[in-house]
Amino acid sequence: MILFISDLHLEIKRPDITRAFFRYLKNLPAQTEALYILGDLFEVWIGDDDHSAFNMEVIGKLREASESTKIHIMRGNRDFLYGEEFTKLSHCQLISDPSLINYQGHNYLLMHGDSLCTEDHSYMAFREQVRSPAWQAEILAQPIEQRHNLARQLRETSLEANSQKSIDIMDVTPDEVLKVMAKHQVTRLIHGHTHRPGEHTVEVNGQSATRWVLGDWDQYGWQIQIDDNGPLLSKFSLE
Ligand code: MN
Numbered sequence: 002m003i004l005f006i007s008d009l010h011l012e013i014k015r016p017d018i019t020r021a022f023f024r025y026l027k028n029l030p031a032q033t034e035a036l037y038i039l040g041d042l043f044e045v046w047i048g049d050d051d052h053s054a055f056n057m058e059v060i061g062k063l064r065e066a067s068e069s070t071k072i073h074i075m076r077g078n079r080d081f082l083y084g085e086e087f088t089k090l091s092h093c094q095l096i097s098d099p100s101l102i103n104y105q106g107h108n109y110l111l112m113h114g115d116s117l118c119t120e121d122h123s124y125m126a127f128r129e130q131v132r133s134p135a136w137q138a139e140i141l142a143q144p145i146e147q148r149h150n151l152a153r154q155l156r157e158t159s160l161e162a163n164s165q166k167s168i169d170i171m172d173v174t175p176d177e178v179l180k181v182m183a184k185h186q187v188t189r190l191i192h193g194h195t196h197r198p199g200e201h202t203v204e205v206n207g208q209s210a211t212r213w214v215l216g217d218w219d220q221y222g223w224q225i226q227i228d229d230n231g232p233l234l235s236k237f238s239l240e
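Okay, so the sequence shown: first residue is 2 according to the working numbering, each after it adds one.
Structural data, given as C-alpha cells:
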C-alpha cells in the first residue's frame, strides 16, 4: 500500500493539525511501502537554515517515521524552498513536480497542483519568479528575520488578491489537466493544492482517465491510499 497526503499547512498556530500529523506518522499501517507528501506540508518554509523548535520537531518526527517507511516530499507553493539540508535532516526524499510513479502496474502522475491553475495569471507569474534560482539565491542570502517578514508580506498580498479572484480561476484549468496528462501519457493523476478533494473522470486522448484531488487538513485530515483495490480518497477526524 502507498499513501498520499498534502496541504497540511503545518504552523505553530494549529497545534491540532501538528498533533494529528505526528499521530498519523506514528500509526502508519505496517504494510505502507511509501508515503508521498504532495506539497504544502508547511504553511511556510523560508529556508533550511531556519532551525526553529517547531521546524526541528517536525523534522524529527519525519526522520523517525522514515526508519520504517520511505517518505517522499514534493515542494508546494508555500514550502518551495526546501533544500539539501532538509532532506539530510529529515531522511525524506524530495521529488520533483510533476513526478511519475508506477505502482501495481499503473502509472500515476503526481503534482502539487498549483501549476494547473493557469487561468490565475498573476499567480503563474509569481510562481515563475519564485522558482527561479536567481530569486531564491537572493532571498536565501537575507537574514532569517527579513525572510519571515517577506513571507508574511507575500501571504497578505496573496490573501488580498485571492479575495478578488473568482472561484473558477483558483481551481485547475480543465484543458491544462488534459494537456499535462496527455504529455505524460497517463490516465491517473493525483494532486492537491485546490482544497477541493474529489475524484473526477476525464477523457484523455479518447481514453477514460481519473484525477484525484487531495483535501487540505483543516476540519478533517485527508489521504489517498492505493492498495489492491486501487486508489481511495478518504477523510478522517483530526482528533
Ligand atoms: Mn498549495
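Built from N, CA and C at the ideal position, the CB exists for glycine as well.
Residue i, enclosing beta strand (DSSP E) - first and last residue
| i | result |
| --- | --- |
| LYS1 | Residue 1 lies beyond the residue range present for the chain, which begins at 2 and ends at 240; the question has no answer from this structure. |
| ILE3 | 3–6 |
| GLN212 | According to the sequence provided, residue 212 is Arg. The question's Gln does not apply to it. Segment 208–214, the beta strand (DSSP E) holding ARG212. |
| SER100 | 100–104 |
| ILE140 | ILE140 -> not in any beta strand (DSSP E); alpha helix (DSSP H) instead, spanning 134–141. |
| GLN224 | 221–228 |
Alpha helix (DSSP H) segment containing residue i, residue limits
| i | result |
| --- | --- |
| GLY61 | 54–67 |
| ARG148 | 145–165 |
| LEU90 | 85–91 |
| ASP176 | 175–184 |
| ALA35 | Counting along the chain, ALA35 falls outside any alpha helix (DSSP H), though it belongs to the beta strand (DSSP E) covering 35–39. |
| GLN130 | 122–131 |
Reduced DSSP category for residue i - H, G, I as helix; E, B as strand; rest coil
| i | result |
| --- | --- |
| LYS71 | strand |
| THR202 | strand |
| ARG79 | coil |
| ARG24 | helix |
| ASP115 | helix |
| ILE13 | coil |
| ILE47 | coil |
Contact set for residue i: own chain, Cβ-Cβ below 6 Å, skip 5 residues either direction
| i | result |
| --- | --- |
| SER100 | LEU111 |
| ALA183 | VAL205 and ASN206 |
Going along the chain, which residues put their C-beta within less than 5 Å of some heavy atom in ligand 1?
Every residue whose beta carbon comes nearer than 5 Å to a heavy atom of ligand 1 appears here in chain order: ASP41, GLY77, ASN78 and HIS194.
Is the stretch 34–48 touching the stretch 6–20 in the sense that three or more CB pairs, one from each, lie closer than 8 Å?
Contact holds between the stretch 6–20 and the stretch 34–48, because three or more Cβ pairs, one in each stretch, are under 8 Å apart.
Should the stretch 195–206 be called in touch with the stretch 170–182, which here means at least 3 C-beta pairs below 8 Å?
Yes: at least three Cβ pairs fall under 8 Å.
Taking contact to mean 3 or more Cβ pairs, one atom from each stretch, closer than 8 Å, check whether the stretch 210–217 and the stretch 132–140 are in contact.
Touching, no.
Are at least three pairs of beta-carbons, each pair with one atom in the stretch 85–98 and one in the stretch 51–67, less than 8 Å apart?
Contact between the stretch 85–98 and the stretch 51–67 is present, because at least three Cβ pairs lie under 8 Å.
Would you check if the stretch 119–128 and the stretch 48–57 touch, i.e. whether three or more CB-CB distances between them fall below 8 Å?
Look at the beta carbons and you see the stretch 48–57 not touching the stretch 119–128: under three pairs across the two are nearer than 8 Å.
Touching by the beta-carbon criterion (3+ pairs, under 8 Å), the stretch 140–151 and the stretch 64–72
Using a C-beta cut-off of 8 Å, the stretch 140–151 makes no contact with the stretch 64–72, since fewer than three inter-stretch Cβ pairs fall below that distance.
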